[in-house]
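What follows is a single structure, written as structure tokens, with notes after it.
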Amino acid sequence: MLKSTGTGERGTQKGSRARVMVTVAVAGPLIVLVLMCLLQLRQQFDGVQTQTTWIGDTPVTVYRPIGASQMPHEKLPVLVAHGFGGSRQMMEALSSALARAGHPVLAFDFIGHGRHPKPLSPQVTQIEGTTRQLVTQTIDMLAAARTMFGAQDAVALLGHSMATDIVVRAARETGETGPVVAISMYSDAVTQAFPARLLVISGQWEPHLRAIALEKLRLVQPGAAENTTVTSPTAERRAVYAPLTEHVGVLYSPQTLAEAVSWIGGAPAPSTGLAATMPRPGLWILGTLAGLWALFWPVSRLLANDSPAPAAVPARRFIGCALLPALPAGLVLVLPVPAPHDLAIFGPLTAFFAVWGGLQLALLRPSSFTLRRIDIGAACLLLVWSIGVFALAMDAIWAAFVPSGPRLALFGLLTLGTVPFLIADQLLTDRAALWRVWLLRVAPLVTLGAVMSILPTSLGVGFTVLPVLALFYLVYGTMGRWVARRAGPTGPALALGIILAWSIAASTPLFATD
Numbered sequence: 001m002l003k004s005t006g007t008g009e010r011g012t013q014k015g016s017r018a019r020v021m022v023t024v025a026v027a028g029p030l031i032v033l034v035l036m037c038l039l040q041l042r043q044q045f046d047g048v049q050t051q052t053t054w055i056g057d058t059p060v061t062v063y064r065p066i067g068a069s070q071m072p073h074e075k076l077p078v079l080v081a082h083g084f085g086g087s088r089q090m091m092e093a094l095s096s097a098l099a100r101a102g103h104p105v106l107a108f109d110f111i112g113h114g115r116h117p118k119p120l121s122p123q124v125t126q127i128e129g130t131t132r133q134l135v136t137q138t139i140d141m142l143a144a145a146r147t148m149f150g151a152q153d154a155v156a157l158l159g160h161s162m163a164t165d166i167v168v169r170a171a172r173e174t175g176e177t178g179p180v181v182a183i184s185m186y187s188d189a190v191t192q193a194f195p196a197r198l199l200v201i202s203g204q205w206e207p208h209l210r211a212i213a214l215e216k217l218r219l220v221q222p223g224a225a226e227n228t229t230v231t232s233p234t235a236e237r238r239a240v241y242a243p244l245t246e247h248v249g250v251l252y253s254p255q256t257l258a259e260a261v262s263w264i265g266g267a268p269a270p271s272t273g274l275a276a277t278m279p280r281p282g283l284w285i286l287g288t289l290a291g292l293w294a295l296f297w298p299v300s301r302l303l304a305n306d307s308p309a310p311a312a313v314p315a316r317r318f319i320g321c322a323l324l325p326a327l328p329a330g331l332v333l334v335l336p337v338p339a340p341h342d343l344a345i346f347g348p349l350t351a352f353f354a355v356w357g358g359l360q361l362a363l364l365r366p367s368s369f370t371l372r373r374i375d376i377g378a379a380c381l382l383l384v385w386s387i388g389v390f391a392l393a394m395d396a397i398w399a400a401f402v403p404s405g406p407r408l409a410l411f412g413l414l415t416l417g418t419v420p421f422l423i424a425d426q427l428l429t430d431r432a433a434l435w436r437v438w439l440l441r442v443a444p445l446v447t448l449g450a451v452m453s454i455l456p457t458s459l460g461v462g463f464t465v466l467p468v469l470a471l472f473y474l475v476y477g478t479m480g481r482w483v484a485r486r487a488g489p490t491g492p493a494l495a496l497g498i499i500l501a502w503s504i505a506a507s508t509p510l511f512a513t514d
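What follows is the structure, given as structure tokens:
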């Protein structure tokens, strides 16, 4: 008996040592990758000083060339505005590139976005609703930039996506004569003569927006081709595309950086080879986040592998669990479920997740599929890495991803729905066949998308939840599966429910209710 026990202990010790060796062997190169990417990202700020502050209720970041006097600056000041669902962080590659070129830059969070505490107007289809609100804010930021940088003449404007229309309208109302850079542009406010100097940049994989850019270019010179600059007695205009990019990637393309810096600097086009000298922040952001994500796999192997194989859920019951919640959960989305601060979409979303997960747990028949003991250690490990490492890194180098202000209360509310939703999800997907995982995750995405498309006025404002949920499944869902294989599904399920609530609360634009 003693001999047998000793052998078992030695086997356990060998297994523990093996796990540590695998962890070190895999983690080492990944740590090097992450550090290398962070170093490259840091280099985009060489010669740039930054300051984060507030102007009224608006959080802003100021970028200045190191050593530049407070005012007046030698080069044109620039106001930088992000797109829908974005934040100042997403525009940082452009802001820092302009500052390196000598321009003082003011970047800000729109109302309802990033760290801004106030909600947007729900009147998204009316020019005098949400658009009016954002134009007014942009005009205020334009005035602040003039004061801050001592601008005597023009201020340049740069916007992405939604902000392209906003900055053009703000420039028109204020009579601003500075150059405008519109990235992934859609705006009815652009005319043959206004803005006087307009650069439109699209991603190569944005055919519809490239067509709009070409249409606006040909207002100045009919028959003009893409990637050219045209002039008239009243306007100068250029429309280009950034190779191998889409709606978000276009912000980090060296071609985009070169075009924006040159245009705001007064040149009709970038000099030959300028794009090759620009940093590639998109590559380093992706490398950092991918490295941190992959690094969790060896970290998760430090958990003891003591989770027994789960009993398979019969196919008929599984399909029922995957599909039957769609109708009742979809219907609950239309109910006026209240949320803290009278904010739209979050109450119905919480109810949607709660009903979906609750019905799945009921269909699982807990008498047959008992919830196992929650592994608190596994839950904490996943939570600490997902929020304390991955989410904070994302917030620092890419996009606002930390709930603040009213978003903290929304985070707490959402957990009431996301925790049961993810507990059911993890019980059903624990070591399940890939087709089961896909079916279980596609069903709520399709249901949410369908109801939002049917009721775009009341629910469409929350459409960013769809890509957030899809990315959550891809990134955090995979991390949860790594933990569940070693510690069982309930620990990671609890953590994943909290992480999903965090992700939605941090990233979804805030809208007031009607």
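Under UniProt numbering, the first residue of the sequence shown is numbered 1, with each subsequent residue one higher.
Glycine included, every Cβ here is placed at the ideal spot set by N, Cα and C.
All values reported here derive from a predicted model rather than from experimental measurement.
Taking the straight line between their C-alpha atoms, what separation do you get for Arg-481 and Leu-471? Roughly 15 Å between the two C-alpha positions.
Unbroken alpha helix (DSSP H) runs of length 4 or more, entirely within the region 79–154: which are they? Whole alpha helix (DSSP H) segments, 4+ residues: 92–100, 132–149.
How about Ala-242 and Val-250: are their beta carbons less than 7 Å apart? Their beta carbons are under 7 Å apart, which means Ala-242 touches Val-250 by this criterion.
Where does Trp-398 land, buried or exposed, given buried means 16+ other C-beta within 10 angstroms? With 16 or more Cβ atoms within 10 Å of its Cβ, Trp-398 is classed as buried.
Starting from Thr-231, trace the alpha helix (DSSP H) in both directions and tell me its first and last residue. Here Thr-231 belongs to no alpha helix (DSSP H); instead the beta strand (DSSP E) covers 228–231.
So, is Glu-246 buried or exposed, given that buried needs 16 or more other C-beta atoms within 10 angstroms? With a 10 Å radius around the Cβ and a threshold of 16 neighbouring Cβ atoms, Glu-246 comes out exposed.
Below 6 Å CB to CB, which residues in the same chain sit around Pro-314 once its five sequence neighbours on both sides are set aside? None.
Measure the C-alpha to C-alpha separation of Gly-86 and His-113 and round it to an integer number of angstroms. Put simply, the backbone Cα of Gly-86 is about 7 Å away from that of His-113.
Apart from the five residues just before and just after Ala-269, which ones in its own chain have a Cβ nearer than 6 Å to its Cβ? So the qualifying residues of the chain are Thr-229.
Check whether the region 456–463 and the region 343–357 are in contact - that is, three or more C-beta pairs closer than 8 Å. With a cut-off of 8 Å, the region 343–357 and the region 456–463 count as touching, because enough Cβ pairs lie within range.
Smallest Cα separation from residue 522: which of Arg-132, Leu-198, Glu-92? This structure cannot speak to residue 522, because the chain is shown only from 1 to 514.
Under 8 Å, with one C-beta from each stretch per pair, do the region 99–109 and the region 185–198 reach the 3-pair mark? Too few Cβ pairs lie closer than 8 Å, so no.
Using the C-alpha atoms, what's the distance from Gly-357 back to Thr-164? Each residue's Cα considered, the two are about 40 Å apart.
How about Ala-18: is its Cβ closer than 6 Å to a heavy atom in the ligand GDP? Ligands displayed in this structure: none; no statement on the ligand GDP is therefore possible.
So what does Phe-401 bridge to, in DSSP terms? Note: Phe-401 is not bridge-paired with any residue in the DSSP secondary-structure output.
What's the call for Pro-338, buried or exposed, on a 16-neighbour Cβ count within 10 Å? Under a 10 Å Cβ-count criterion, Pro-338 is classified as exposed, with fewer than 16 other Cβ atoms of the shown protein chains found around its own Cβ.
Do you know whose CA, among Lys-216, Phe-511, Ile-111, Ala-81, lies nearest Gly-56's CA? Of the listed residues, the one whose Cα sits closest to Gly-56 is Ile-111.
Per-residue burial, Gly-488 [other beta carbons within 10 Å of its own, 16 or more giving buried]: Gly-488 should be labelled buried.
Going by DSSP in three states, Gly-178 sits in which element: helix, strand or coil? Three-state DSSP puts Gly-178 in coil, outside helix and strand.
So Leu-244 and Gln-204 are supposed to be a Cβ contact under 8 Å. How far apart are they, rounded? Right, the Cβ-Cβ distance comes to about 6 Å (below 8 Å), so this counts as a contact.
Assuming the contact rule is C-beta atoms closer than 8 Å, Met-162 and Phe-84 should be a hit. Round their C-beta distance to whole Å, please. The beta carbons of Met-162 and Phe-84 sit about 4 Å from each other, so the pair counts as a contact at 8 Å.
Should Ser-453 be labelled buried (16 or more other beta-carbon atoms within 10 Å of its own) or exposed? Its Cβ having fewer than 16 others within 10 Å, Ser-453 is exposed.
In the structure shown, what three-state DSSP assignment does Thr-61 receive? Thr-61: strand per DSSP, three-state reduction.
Under three-state DSSP, which class holds Thr-191? DSSP places Thr-191 in coil when its eight states are reduced to three.
Assigned secondary structure, Val-259 (DSSP; H/G/I helix, E/B strand, else coil): This sequence places Glu at residue 259; Val is not what is there. Residue state, collapsed to three classes: helix.
In three-state terms, what does DSSP make of Gly-159? Three-state result, Gly-159: strand.
Quick one: what's got a C-beta closer than 7 Å to Arg-317's C-beta in the same chain, skipping five residues either side? So the list reads Leu-363, once near-sequence residues are dropped.
One question on the structure: do Ala-211 and Ala-239 come within less than 7 Å of each other, judged by their Cβ atoms? In this structure, Ala-211 lies away from Ala-239, with their beta-carbon atoms at least 7 Å apart.
Of the residues Gly-129, Val-60, Ala-151, which one's Cα is nearest the Cα of Arg-115? Checking every option, the nearest Cα to that of Arg-115 belongs to Val-60.
Run of the beta strand (DSSP E) containing Trp-205, from where it starts to where it stops: Counting along the chain, Trp-205 falls outside any beta strand (DSSP E), and DSSP gives it neither H nor E.
Cross-strand partners of Arg-237 (DSSP beta bridge): BP columns for Arg-237 point to Leu-198, Val-230.
Taking 7 Å as the CB-CB cut-off, is Leu-496 touching chain B? The chain labelled as chain B is not found in the depicted structure, where only one protein chain is given.
For His-208, count neighbouring C-beta atoms within 10 Å of its own C-beta (all shown protein chains included) and say buried if the count is 16 or more, exposed if not. Exposed.
May I have the straight-line CA-CA distance separating Leu-331 from Phe-353, to the nearest angstrom? Taking the straight line from one Cα to the other gives about 12 Å.
Going along the chain, which residues of its own chain have a beta-carbon closer than 8 Å to the beta-carbon of Pro-403, five neighbours each way excluded? Excluding residues within five positions, the ones whose Cβ falls inside 8 Å are Leu-410, Phe-411, Trp-502, Ala-505, Ala-506.
Cβ pair Leu-333, Val-181 closer than 7 Å: No.
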